[in-house]
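Student:
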Amino acid sequence: MLSWGGNSDTTFYILVAQGYARPKSRMYTCPEMRYLPWAGRPSKRNLITLAAVAIVLPTGALAFMQYRSLVDLESKTKIAIEENLRQTLQSIARNAQGDMQALARETLAPLGSMSRSPEDLKHALGRASELHPEIDQFFVFSTCSCKVENRFALLYSAGAVRQVSGSQLGTDADVGRILDAYRSSLALRPPAESTRDFLFWQQSCSLPNEASHSFFYVFYPLKNTYVAGLILNPQYVRKEYLERLIPGLLHGSDTKASASGLAVGVFDEKESQVYTNASGIKNYQVKMAFAPVFPNWDLAAAYRGSSIEGVARASFEKSLLLTGFVLCLLLLGIILTLRAASREMSLAAAKSSFVSNVSHELKTPLALIRLFAETLELDRVKDDQQAKEFLRTINGETRRLTQLINNILDFSKIEAGRKEYRFVSSDVAEVVEVVLRTYEYQLREGGFDLSTRIDHGLPMVSIDPEAISQAVVNLLNNATKYSDDIKKIEVAVWARDTDIAIEVADHGIGIPRSDQQKIFEKFYRVSTALVHNTKGSGLGLALVMHIIEGHGGQVLVDSEPGRGSRFTILIPIVKAETAPKKAGVEIRGYPVEEGSHH
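Final position of the sequence shown in this note's numbering is 796; the numbers increase by one with none missing.
Right under this line is the structure:
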C-alpha cells in the first residue's frame, strides 16, 4: 500500500486501484456461478418434453413390448437348448452303437458261413483277435431248445478255444455269465425289432479286494439258432474308445453347443465319473442312458463355465442389447443436441466472464498509471527517490498491461488460425534469465522470494524466443496470483534426456486432480474461492499449451490442493532446420506427471 501526504481522496483512489478497498455497494460474484449449466433450464425442459412426446414415449412403448417378447423367448430358449444337448448325447450313443455293430459285423459275420469245428473257429478268431486287440473274448453258442446233450458253446480267449457242451453248460461260470447277459439283452430289445439285430449288454461285478469290473457284450445272431458274440476289454472302453469317440464328435459337430464349449461326461451305475472332456464340472444339466451299447452307464452334458439358464440369459441379453441399440440411437441425437446447446451456453458464459475479468485487468493498471502520472505532473512528489518509485510503478504496470494485451492478441490469432512462430537457434537459459530480470520488480513488490537453478552450457535449440518468454511470464503470473501465505517461487532450467526443461513451481493453493485436465482449456478457471477473488482472463495456460505444442514439446503439471503447483515445459533438442514452422490451433490434452515435488 502506498500513501503520502495529501488529501484523503487521492489515498483512497490508490487503495481502490490496487484492490485494497472496494465500494460496499459493488458485489463481486463468481461469473461461473452466474452461468451454471442449468441456467437455461426452461429451454432444456421444453426440448426434453418435445423429445419425450415425439420419440421417447413411442419408443419406450415399443421397447417394453419387445422386452416382454424377449422374456417369453428366453423361456423357450431354455427348452430348445435342453433339446439340443439331448440330441448331442443321442448322437454320441448312436455313433457308439454304429462302431460296435461295425466291429461285430467285421469279426463275427464270417462265422455264419463256416463250419463250427474248433480248429476252424480257432483259426478265424485268431486272425480277428490279432486285428482287434481290444476284444478280450469271442464266443459261439446254440440257442435251440433241443436236447441238452446237443447244445454247446465255444469260447476263444488268448489263442485257445474251449468247448463246453451238454450238462457242462449249466455248471460253467463263463458260459453261464454269457447266457445270462444274452437273456438280459433280449429282454431289453423291443418286440418289433428283428431277431437279426445286434444285441448289447453291460454287466458289472465286484470281485473281492478289487474295484468294480465291467463286461461289455456284443451279440450277433447267426443262422440256424446260433449266436456269436464278443466281450470288449474294459480298459480299452474307458481309456481309449471314449477318449476317441466323444471329442471327435464334438469337434466335428457344427452345432452351436459344441462351439460354445460343451462338456460331456460318462457315469457308471454308482454315479462315479468314467470319462469327461472337461474337469471341474459339478452339475450336468441333461442326463440320459448310454443305451443301447452301455445301458448301465449314463451320458451327461453341460456348458463349460455356464448353465442352460446362463446361455439362455446371454441370448436374451444380446437380443435386448440390439433392441436397446436402436433406442440409444434415437436418444443420442437428443443428448448431443442438448449437450451442444449446453456447451454454447457455457462458452457464452465463459466469454462474458472473460470480458468482465479483462475489463478489470485493464482498468487496474490504467488507473495506477494515470494516478502516478497525475501525481508527477502536479509536482506532489516529495523527493527524487519517491519519483523514481512512481516511475518504476508506471513502467511495471505498463509491462503488465502489454503482457495482457499480447495474450489477447495472440489468442485472437490462434482462434483465427494465423498464429505463426519465428524459430531461431537460441539459448533457453538466457531467454529465461531475461524474463526473470524483467519480472524481478513485480516479484519484489509482491513480496516473493525467488530461487533459481539455471544450468548454463545447454544445447542450442530452435525456438521462438518471444513466444517462450511469453509462456514463462504466464506461468510466473499464475504463480504470483495464486500464492497464498507462502510467497516462494522456484525456477529451474536443465537438460532432461532429449529435452530442455523449464520448471516454474510455487507453494500456493494448488490445483485439484479433477481440474488438471481442464486448466489448459480456453477461459477455464478452477472453481475455488481464491481463484474467484483473483481476476484473470483464463487464457494464460491455454497460450502456454499452444506455444509449447507449436515447438513440438509438452507441458507437465504436478499439483496438490494446498501444497502448490509445479509446471514443467519440455522443449525437444532438435536442429533448427527440423523445427516446426507453424503451430496448430487445436489445444489438445497433456500428460500429468507424478512427481515428488510435494
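Every residue, glycine too, gets a C-beta built ideally from N, C-alpha and C.
1) Let me know the secondary structure DSSP gives residue 714 once reduced to three states.
2) By how many angstroms is the C-alpha of residue 597 removed from the C-alpha of residue 703?
3) Rounded to a whole number of angstroms, what is the C-alpha to C-alpha distance between residue 499 and residue 281?
4) On the DSSP letters alone, give me the boundaries of the beta strand (DSSP E) that residue 766 sits inside.
5) Can you tell which of 542, 358, 757 has the C-alpha that lies nearest to the C-alpha of residue 715?
6) By DSSP's criteria, residue 384 is part of a beta bridge. Which residues make up the other side?
7) What number of angstroms, rounded off, separates the C-alpha of residue 230 from the C-alpha of residue 753?
8) Measure the beta-carbon distance from residue 648 to residue 689 and round it to whole angstroms, keeping in mind my assumption that it falls under 8 Å.
9) Residue 360 bridges to which residues according to DSSP?
10) Taking C-alpha atoms, which residue in 739, 494, 575, 630 lies nearest to residue 717?
11) State the beta-bridge partners of residue 340 as determined by DSSP.
12) Quick check: does the Cβ of residue 485 come within less than 6 Å of any heavy atom belonging to the ligand MN?
13) For residue 764, count neighbouring C-beta atoms within 10 Å of its own C-beta (all shown protein chains included) and say buried if the count is 16 or more, exposed if not.
14) Need the endpoints of the beta strand (DSSP E) that residue 688 sits in, please.
15) Confirm, please, whether the CB-CB distance from residue 358 to residue 415 is below 7 Å.
16) With H, G and I counted as helix, E and B as strand and the rest as coil, what does DSSP make of residue 463?
17) Give me, in chain order, the residues of the same chain whose beta-carbon lies closer than 7 Å to that of residue 620; leave out the 5 immediate sequence neighbours on both sides.
18) Measure the alpha-carbon distance for residue 310 versus residue 400 and round it to whole angstroms.
19) Taking only the alpha-carbon atoms, compute the straight-line gap between residue 333 and residue 283 and give it to the nearest angstrom.
20) Compare the Cα-Cα distances from residue 650 to each of 695, 638, 480, 644 and report the closest residue.
21) For the putative contact between residue 755 and residue 700, defined by C-beta atoms under 8 Å, what is the C-beta separation to the nearest angstrom?
22) May I ask you to report which of helix, strand or coil DSSP gives residue 290?
23) Taking 8 Å as the limit between beta carbons, can you name the residues of its chain near residue 440, skipping five residues before and five after?
24) Do residue 286 and residue 510 have their CB atoms nearer than 7 Å?
25) Alpha carbon to alpha carbon, how far is residue 340 from residue 362? Give it in angstroms, no decimals.
26) Whose C-alpha, out of 618, 634, 687, is nearest the C-alpha of residue 671?
27) Checking 7 Å against the spacing of the C-beta atoms, do residue 425 and residue 413 come in under that value?
28) Considering Cα atoms alone, identify which of 497, 271, 444, 760 is closest to residue 803.
29) Taking Cβ to Cβ, would you say residue 771 is nearer than 7 Å to residue 751?
Tutor: Here's the rundown:
1) If DSSP states are grouped into helix, strand and coil, residue 714 belongs with coil.
2) For residue 703 and residue 597, the distance between alpha carbons rounds to 22 Å.
3) Cα atoms of residue 499 and residue 281: separation of roughly 11 Å, rounded to the nearest angstrom.
4) Note, residue 766: beta strand (DSSP E), 763-770.
5) Taking only the C-alpha atoms, the option nearest residue 715 is 757.
6) Residue 384 is not bridged by DSSP to any residue.
7) The pLDDT assigned to residue 230 is 41, lower than 50, so where the model puts this residue is not dependable; a value taken from the coordinates is nonetheless given after this. Spanning the two alpha carbons is a distance of roughly 26 Å.
8) Cβ-Cβ separation between residue 648 and residue 689: approximately 7 Å, consistent with a contact (criterion under 8 Å).
9) Within the DSSP bridge table, the entry for residue 360 names 353 as partners.
10) Taking the Cα of residue 717 as reference, the smallest distance to any Cα among 739, 494, 575, 630 is reached at 739.
11) For residue 340, which the question treats as bridged, DSSP gives the partners 424.
12) The ligand content of the structure shown is nil, which means the ligand MN is not present either.
13) Counting the other Cβ atoms within 10 Å of the Cβ of residue 764 gives 16 or more, which makes it buried.
14) Residue 688 -> beta strand (DSSP E) spans 686-694.
15) Taking C-beta atoms as the reference points, residue 415 and residue 358 fail to come closer than 7 Å.
16) Shown here, residue 463 sits in a strand according to DSSP, grouped into three states.
17) So the list reads 662, once near-sequence residues are dropped.
18) Roughly 24 Å between the two C-alpha positions.
19) When rounded, the distance between both Cα atoms is 31 Å.
20) Of the listed residues, the one whose Cα sits closest to residue 650 is 638.
21) Between residue 700 and residue 755 the Cβ distance is about 13 Å, and since that is not below 8 Å, they are no contact.
22) Annotated three-state conformation of residue 290 is helix, per DSSP.
23) Within its own chain, the residues whose Cβ lies closer than 8 Å to the Cβ of residue 440, once the five positions on either side in sequence are excluded, are 464, 472, 473, listed in chain order.
24) Their beta carbons are not under 7 Å apart, which means residue 286 does not touch residue 510 by this criterion.
25) Those two C-alpha atoms are separated by around 11 Å.
26) Out of 618, 634, 687, 634 has the C-alpha closest to the C-alpha of residue 671.
27) For residue 425 and residue 413, no; Cβs fall outside 7 Å.
28) Examination of residue 803 is not possible in this model, given that the chain is present from 199 through 796 alone.
29) Not a contact, by the Cβ cut-off of 7 Å.
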